[in-house]
Structure formats: structure tokens, C-alpha cells
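A.B. asks:
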Amino acid sequence: MAGRYGEDVLAGDWRRRKVTPEVDAEPDLVVEDADSGFCGAVVGFEASAVVLEDRHGRRRVFPLLPAAFLLDGEPVTLRRPARAPVPAARRRTASGSIAVADVRARVAKASRIWVEGVHDAALVERIWGDDLRIEGVVVEPLDGIDALDAEVRDFAPGPGRRLGVLVDHLVPGSKESRIVARVNSPHVLVTGHPYVDVWQAVKPAAVGIRAWPVVPPGRPWKEGVCAALGVAEPAELWRRILSRVDSFADVETPLINAMERLIDFVTEPD
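Residue numbers (our numbering): 892 to 1161.
(1) Quick one: Cα of MET1150 to Cα of PRO1077, how far?
(2) Among the residues of its own chain, which have a CB less than 7 Å from the CB of ASP1141, if the five just before and after it don't count?
(3) Let's test the definition: count the other Cβ atoms within 10 Å of the Cβ of ASP1011 and tell me whether it reaches 16, buried, or not, exposed.
(4) Could you say which of ASP915, ARG1101, ILE1100 lies nearest to ALA973 if we only look at CA atoms?
(5) Report the rounded CA-to-CA distance for PRO1063 versus GLU1031, giving the unit in angstroms.
(6) So for ARG1053, helix, strand or coil by DSSP?
(7) Can you give the Cα-Cα distance for VAL1116 and THR1082, rounded to whole angstroms?
(8) Within the continuous beta strand (DSSP E) that includes TRP1005, where are the two ends?
(9) Would you decide whether SER1002 is buried or exposed? Buried here means 16 or more other CB atoms lie within 10 Å of its CB.
(10) If distances are taken between C-alpha atoms only, which option among GLU1026, PHE1046, VAL967 comes closest to TRP1005?
(11) Taking DSSP as the reference, what is the three-state secondary structure of TYR896?
(12) Measure from the alpha carbon of SER939 to the alpha carbon of each residue in THR968, PRO912, ARG946, ALA925, then state which is nearest.
(13) Work out the CA separation of THR984 and GLY928 for me, nearest whole Å.
(14) Going by DSSP in three states, ALA973 sits in which element: helix, strand or coil?
(15) How would you call ARG1130, buried or exposed, if buried means at least 16 neighbouring beta carbons within 10 angstroms?
(16) With which residues is THR968 paired in a DSSP beta bridge?
(17) Just to confirm, are GLY931 and ARG949 a CB contact at a threshold of 9 Å?
(18) Please state whether DSSP places GLU1124 in a helix, a strand or coil.
(19) Exposed or buried, which one is ILE1100 when buried takes at least 16 other CB atoms within 10 Å?
(20) Beta-carbon within less than 6 Å of VAL1056's beta-carbon, same chain only, minus the 5 sequence neighbours each way: which residues are those?
Listed below in C-alpha cells is the structure:
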């Protein structure tokens, strides 16, 4: 009989006679050990073996051998699932935006952002510098805003040449508010924060103090703060302040809101 029909199809190890599909041993997958008949769900792994638990809570460990298990009555080779790669944490800029890797700074656009003084410019660079370089927006310091309307006219804002201005102590009834009111152009946005000086926009906790000192009217604010904190020179205190600012979390919300509005305005397509 064997000579007439060829090799006995039932002879040998039938599990090795055909290609056996490989199946990931995902948690709760129910399989049967082909040799012992133990049926259970995948609950874990030990070295190169899988742990199965039956409906009575009994657990057994079986090596992950080829065609060693039955799934829905069919032989399978279980394999340990590949661990999903852990995505790298997205790096964020100091402003809180998602950092863009391997992108060069753009050529400067015609649009600009003006701030009051070099301290304001340094603080803006510290927090929003990465974003502004990608957008191609230059920040320029002013020497005060007393002649703001004339400087705006000289800048000649227009389509594709927008101007954003960050003003200190921009509160109703202030000198700054009256100056700003003279600027009237759809291509210019003037906004600001309520603090006397940009120093005050840095959170006291970041600087290591409980609160910014109250300076009596008539005394220069920076000099008054230095005197109250026992620092000889404003330049020394400013270096200390700037060194404590690492991100937007170290400055007050009004400054953040004002700068985000300005960036959106000067980068918005005409």
C-alpha cells in the first residue's frame, strides 16, 4: 500500500510538514499547548517561554517552540510581540512651541518687532528667539517710545511689511497709552504689558525673591529695585535676572500673551 500511494502522510511529526503561521502572543490570546492539551490565555513571559492561565486560574509555562500551540484548532508558532518603539519626547523651545529640527533660520523678512530697550530684546530672544529665527522675524530695540508715531511713519509699514511693537507699562491713562493712540495703521499692531519695566514681567520666584520691591514715585524704578535688593548696579542685577529665565514659565502671562499676538500678526500672510 505504501508503494502504491507513496509516503504515509500520517507518518512522522505532522506539525513540521507544512508552513506554520507565526502569531504574536498578545495578552489574553487563548491558545492550547499541542502536547499537553493545556488551554489558557497569554498572561506573560519568562525568558523564551510564554505563561498561560486557564479558566480556573492555573498557570503553566511553555517554551516558544515552532508549531507548539493550537489556535482555533490550527497549529501556530507563538512569538513574543515586538515592543512598540517608544517615541522620542518632542523637544520644545523656550516659548513652549514644538522645536523643528535641522531647519536653518530664514532670511529676515521686511516685517519687524520693536521692543523698548536692549533688556526687552534680550528677554524676547531668550524665550522666543528660536521661533522668530524660523519665521525670519527680526526684533529691534527702541530707545523709548516718545517718538513712536514718527518712527512708524519712517518705517513705512504696508502689505508684506508689518510692524509689531511691544510697549512697557501699557495701561489705561498712562503716558504710554496716549503715545500708542497716535499710531493708526492696519499694518501695525501695538500691544504691551502692564509692568513698569520688563524686569517686572519676570516672575519673582524665578529670581529668588518673594515679590518685586515697591519703588516710591519719583525714583527711577531700576535704581530703587537695586537698592531694595542690595545690588550695586542695574547691569549686575539684570545679568542675574536674565540668567534665571529658561522658558515662558518664568515670565508673567501678560508678556506671553502680548508677544504671541505680535508674532502671529507679523507672520500672518497678507
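Using N, Cα and C, we set each Cβ at its ideal position, and we do this for glycine too.
C.D. replies: Here's the rundown:
(1) Translated into positions along the sequence shown, residue 1150 becomes position 259. Translated into positions along the sequence shown, residue 1077 becomes position 186. Their backbone Cα atoms lie some 18 Å apart in a straight line.
(2) Position 250 of the sequence shown, counted from the start, is the residue given in the question as residue 1141. These residues qualify, in order along the chain: VAL1093, LYS1094, ALA1097, ARG1135.
(3) Position 120 of the sequence shown, counted from the first residue, corresponds to residue 1011. Classification of ASP1011: buried, given that the 10 Å Cβ count is 16 or more.
(4) The count along the sequence shown starts at 1 and reaches residue 973 at position 82. Of ASP915, ARG1101, ILE1100, the residue nearest in Cα terms is ASP915.
(5) On the sequence shown, position 172 is the one that residue 1063 refers to. On the sequence shown, position 140 is the one that residue 1031 refers to. So the two alpha carbons sit approximately 25 Å from each other.
(6) Within the sequence shown, the letter at position 162 stands for residue 1053. Of the three classes helix, strand and coil, the one that applies to ARG1053 here is coil, per DSSP.
(7) Translated into positions along the sequence shown, residue 1116 becomes position 225. Translated into positions along the sequence shown, residue 1082 becomes position 191. Going from the Cα of VAL1116 to the Cα of THR1082 covers about 25 Å.
(8) Taking the sequence shown and counting its residues from 1, the one referred to as residue 1005 is at position 114. That run of the beta strand (DSSP E) goes 1003-1007.
(9) Start at 1 with the first residue of the sequence shown, and residue 1002 comes out as number 111. SER1002 comes out buried.
(10) Here residue 1005 corresponds to residue number 114 of the sequence shown, with the count starting at 1. Selected option, being the one with the closest Cα: PHE1046.
(11) As a first step, residue 896 must be located in the sequence shown, where it is residue number 5. At TYR896 the pLDDT is 49, less than 50, meaning the model places this residue with poor confidence; the figure from the coordinates comes in the next sentence. Looking at TYR896 - three-state DSSP - the assignment turns out to be helix.
(12) Counting from 1 along the sequence shown, the entry for residue 939 is found at position 48. For the residues THR968, PRO912, ARG946, ALA925, the minimum Cα distance to SER939 belongs to THR968.
(13) Indexing the sequence shown from 1 puts residue 928 at position 37. Indexing the sequence shown from 1 puts residue 984 at position 93. Those two C-alpha atoms are separated by around 58 Å.
(14) The residue labelled residue 973 in the question sits at position 82 within the sequence shown. Note: ALA973 maps to coil in three-state DSSP.
(15) As a position in the sequence shown, residue 1130 is number 239, starting the count at 1. Answer is exposed; the Cβ neighbour count stays below 16.
(16) Here residue 968 corresponds to residue number 77 of the sequence shown, with the count starting at 1. Paired residues: GLU913.
(17) As a first step, residue 931 is located in the sequence shown; it is residue number 40 there, counting from the start. As a first step, residue 949 is located in the sequence shown; it is residue number 58 there, counting from the start. Contact: yes.
(18) In the sequence shown, the residue the question calls residue 1124 occupies position 233. Of the three classes helix, strand and coil, the one that applies to GLU1124 here is coil, per DSSP.
(19) Along the sequence shown, one-based indexing puts residue 1100 at 209. Exposed: under 16 other Cβ atoms inside 10 Å.
(20) Reading the sequence shown from its first residue, position 165 is the one you call residue 1056. So the list reads TRP1005, VAL1081, once near-sequence residues are dropped.
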